[in-house]
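To start, the structure under review is shown below, and the notes come after it.
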Amino acid sequence: MRAIIGLWRWRHNPLRRTTDLVEAWLALAALLLVLVAAPLVGAAVGASAQDALQQAVRNQRKDRHQVAATVVKRLTRGPLAPDPETSTARDARSRVTADWTAPDGTPQHGTVIAGLKSPRPGDHFPIWTDLHGRIVGRPLDSATALTHAVLAGFGAAVLSAGLMEGGRRLIVWHMVRRRYARWDQAWDKAGPDWGKAGTGS
919 MRAIIGLWRW
929 RHNPLRRTTD
939 LVEAWLALAA
949 LLLVLVAAPL
959 VGAAVGASAQ
969 DALQQAVRNQ
979 RKDRHQVAAT
989 VVKRLTRGPL
999 APDPETSTAR
1009 DARSRVTADW
1019 TAPDGTPQHG
1029 TVIAGLKSPR
1039 PGDHFPIWTD
1049 LHGRIVGRPL
1059 DSATALTHAV
1069 LAGFGAAVLS
1079 AGLMEGGRRL
1089 IVWHMVRRRY
1099 ARWDQAWDKA
1109 GPDWGKAGTG
1119 S
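As structure tokens, then:
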């Protein structure tokens, strides 16, 4: 809005300099880019991220399987971690040795984190594995992927708007520096006695 007002103000003003008009047009162009180009960039980045993340969701659903594991024994708490943030009490009391069968039919045995508050031998709990029974993380779900894509698009739009505004400010800063440099040159030509009585100016 300030750009439009600035253009209107400088349209027929006798005090208008060329740089004033350029600055007003630059502000208007930056405003239009922020309102039009930034959302388009955000939409493009969001759509691209959505495609990639949904493909990852499909791949993970195909490659990861939930199987039932059976507690063999509960592991005792390990040595205290120096940083309490690195290990939660839930992780420490849920570490167990368990048996499970991989989706390809091979028996597996190992140490896992059980989603049980007080696991006992023989308790069953779900874990995620690959086809060969190796422990993997839970697959990404579609809603989480969509959230990440929206955040990526929003971040790209905000970043591109910031870059456009930053570019405008940088150009205006250079214009103002040149303007001040020309004023300094004009004052140097006028001399230190400009405006004093009897100097002939």
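Everything in the sequence shown is counted per the numbering used here, starting at 919 for the first residue and increasing by one. All C-beta atoms, glycine included, are put in the ideal place defined by N, C-alpha and C.
Short Cβ contact (7 Å threshold) for residue i with residue j
{"i": "residue 948", "j": "residue 1086", "result": "yes"}
{"i": "residue 1067", "j": "residue 956", "result": "no"}
{"i": "residue 1053", "j": "residue 987", "result": "no"}
{"i": "residue 1039", "j": "residue 991", "result": "yes"}
{"i": "residue 1093", "j": "residue 936", "result": "no"}
{"i": "residue 1020", "j": "residue 1026", "result": "yes"}
Exposure label - residue i; buried when at least 16 CB within 10 Å
{"i": "residue 1084", "result": "exposed"}
{"i": "residue 999", "result": "Note that residue 999 scores 47 on pLDDT, short of 50, meaning its location in the model is unreliable; the coordinates nonetheless yield the value given after this. Exposed, because fewer than 16 other Cβ atoms sit within 10 Å of the Cβ of residue 999."}
{"i": "residue 964", "result": "buried"}
{"i": "residue 1030", "result": "buried"}
{"i": "residue 1036", "result": "exposed"}
{"i": "residue 1099", "result": "exposed"}
{"i": "residue 944", "result": "buried"}
{"i": "residue 1104", "result": "exposed"}
{"i": "residue 1108", "result": "exposed"}
{"i": "residue 1018", "result": "buried"}
Cβ-Cβ separation, residue j to residue i (assumed contact under 8 Å), whole Å
{"i": "residue 1080", "j": "residue 961", "result": "In fact, because the Cβ distance is near 17 Å, the residues do not count as touching under 8 Å."}
{"i": "residue 1013", "j": "residue 993", "result": "4 Å"}
{"i": "residue 989", "j": "residue 1022", "result": "About 23 Å separates the two Cβ atoms, so there is no contact after all."}
{"i": "residue 952", "j": "residue 1082", "result": "6 Å"}
Where the beta strand (DSSP E) through residue i begins and ends
{"i": "residue 1015", "result": "1013-1019"}
{"i": "residue 957", "result": "Where residue 957 is concerned, there is no enclosing beta strand (DSSP E), although the alpha helix (DSSP H) it sits in stretches over 956-981."}
Residue i: first and last residue of the uninterrupted alpha helix (DSSP H) it sits in
{"i": "residue 1033", "result": "No alpha helix (DSSP H) contains residue 1033, which DSSP labels as neither H nor E."}
| At a cut of 8 Å, does the segment 1034-1052 reach the segment 982-989 through at least three beta carbon pairs? | Three or more pairs of CB atoms, one per stretch, sit closer than 8 Å, so the segment 1034-1052 contacts the segment 982-989.
| request: Would you check if there are 3 or more beta carbon pairs closer than 8 Å linking the segment 966-978 to the segment 1058-1066? | output: Taking 8 Å as the limit for Cβ pairs, the verdict is that the segment 1058-1066 does touch the segment 966-978.
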